[in-house]
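Residue numbers (our numbering), protein chains in the order written: chain E, 46 to 237; chain H, 486 to 732. Glycine included, each C-beta is placed from N, C-alpha and C at the ideal position. Beneath this line is the structure, given in structure tokens, with notes to follow.
Listed below in structure tokens is the structure:
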């Protein structure tokens, strides 16, 4: 019996041709988010970190550089006595999300829009403005107090005027959907 | 008495550091734990990094040791170092460290000899001569230096940091002045004659200058009636304690 060289080699190797696993990544716009009333949201956590201030700053800087690399540092205020450091980072972006109609009028408008576009949902590019404010303070030889405040404004400039976010339509809250807040708090809480 | 190191070419910053160490070693001030100088981390610069001042402040936000636990003592340690700065020297009504008849009697040694050897002893320690009056047997000598705030003992910069002033990276001018005066007193007991004494006034509490000068005078003049090293040390400790208490 004649065998091809390729088959012979596969038999010698004792295995079948490798198959790569296949999976489908969900599109960002299709990820089910957390929908909250209003268009301004905030998450706040106060932590007491029992580590030297230098180590706390190094942890935060490493996290910001690694995870929030698309963000901008907009402000850094240093008060030597204390000392106290207040730093603000900002991130402005747009992302496609499904809007949820909430009022009777919004439902009516949504139905008209669905009919017009022949789609099952209203998906729009939603502008977000997210601000991370860190208030780091060490009171003379005591532990480091860190206040993490993550706030968002969804469509603050009213670009989606036909679909007003907040009352009639809700868009997913970035600060509850994205892991920014939880990761940072967990990182600091490891030493709390 | 033990001399810390060869005094030639001593910089004012080293003099300041050694003087504070001397005061702490003699229990005139409580101890503190050194944080060490700030070194820039090896990470490359990045727009999201904290600023350099933030890192400086965070680095020195370390208050270990009994000195920092007592605010009054910390303030005294600050004043101790501050006395070495040029700014402090220029301050009106700044009290110096007055040491009258410091080493005891030089016996029948002539004042010009004592003055000449005092001058030589101070020049040897790196001081420069500002004025020498051979009629009144007095002289003025100065040691100057300029360094970063981080080169000075840490209680100085940390006290400033607590007062919301950041001096670690700032230039600090240092200046120490020594005024010496040799005077003669008639002997009280026979045989009749005179005795020479040396008065010193230092603008900053620098006991190592005084002990260095003592070693020099002892070696060059060989007077018999000078104080012993132990007596001198006790005198310096008492005098410095009284000066520090006024701050």
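Please list the partners that residue i has in chain E, where partner means a Cβ-to-Cβ separation under 9 Å.
i: residue 533 of chain H; result: 106, 109, 110, 113, 114, 116, 117, 118 and 134
Examine chain H for any beta-carbon lying closer than 7 Å to the beta-carbon of residue i, and answer yes or no.
i: residue 128 of chain E; result: yes
i: residue 56 of chain E; result: no
i: residue 238 of chain E; result: Missing from the structure shown is residue 238 of chain E; chain E here goes from 46 to 237 and no further.
i: residue 98 of chain E; result: yes
For residue i, collect the residues of the same chain with a Cβ closer than 7 Å to its Cβ; drop the 5 residues on either side in sequence, then sort them by chain order.
i: residue 594 of chain H; result: 681, 706 and 708
i: residue 90 of chain E; result: 193 and 230
i: residue 728 of chain H; result: 582 and 690
i: residue 607 of chain H; result: 626, 663 and 698
Are there 16 or more other CB atoms within 10 angstroms of the CB of residue i, so buried, or fewer, so exposed?
i: residue 585 of chain H; result: exposed
i: residue 258 of chain E; result: The requested residue 258 of chain E is not part of the displayed model; chain E covers only 46 to 237.
i: residue 153 of chain E; result: exposed
i: residue 637 of chain H; result: buried
i: residue 555 of chain H; result: exposed
i: residue 527 of chain H; result: exposed
i: residue 151 of chain E; result: buried
i: residue 522 of chain H; result: exposed
Can you confirm whether residue i, when its beta carbon is compared against all beta carbons of chain E, has any partner nearer than 7 Å?
i: residue 520 of chain H; result: no
i: residue 538 of chain H; result: yes
i: residue 655 of chain H; result: no
i: residue 508 of chain H; result: no
i: residue 637 of chain H; result: no
i: residue 649 of chain H; result: yes
i: residue 564 of chain H; result: no
Against residue i, what residues of chain E qualify as contacts under a CB-to-CB distance less than 7 Å, listed in chain order?
i: residue 644 of chain H; result: Neighbours of residue 644 of chain H on chain E: none; closest Cβ ~11 Å, over 7 Å.
Spatial neighbours of residue i within its chain, please: CB distance less than 6 Å, with the 5 preceding and 5 following residues excluded, ordered by chain position.
i: residue 547 of chain H; result: 520
i: residue 70 of chain E; result: Unreliable placement is indicated for residue 70 of chain E, whose pLDDT of 47 sits below 50; no coordinate value is reported for it.
i: residue 180 of chain E; result: 131 and 192
i: residue 492 of chain H; result: Low confidence applies here, because residue 492 of chain H scores a pLDDT of 46, under 50, leaving its location unreliable; read the following figure in that light. Hits under 6 Å: 610 and 697.
i: residue 122 of chain E; result: 131
i: residue 712 of chain H; result: 588 and 589
i: residue 600 of chain H; result: 622 and 667
Give the interface partners of residue i over in chain H, defined as CB-CB distance under 8 Å, in chain order.
i: residue 121 of chain E; result: 535, 536 and 539
i: residue 102 of chain E; result: 535, 539, 540 and 543
i: residue 175 of chain E; result: What residue 175 of chain E touches in chain H: nothing, since even the nearest Cβ is about 15 Å away.
i: residue 124 of chain E; result: 649
Show which residues of chain H have a CB atom less than 7 Å away from the CB atom of residue i.
i: residue 185 of chain E; result: 548
Under 8 Å Cβ to Cβ from residue i, same chain only, skipping five residues before and after it: list those, please.
i: residue 621 of chain H; result: 666
i: residue 672 of chain H; result: 678, 679 and 680
Closer than 7 Å, CB to CB, is residue i near chain A or not?
i: residue 641 of chain H; result: You won't find chain A in this structure, because its protein chains are E and H.
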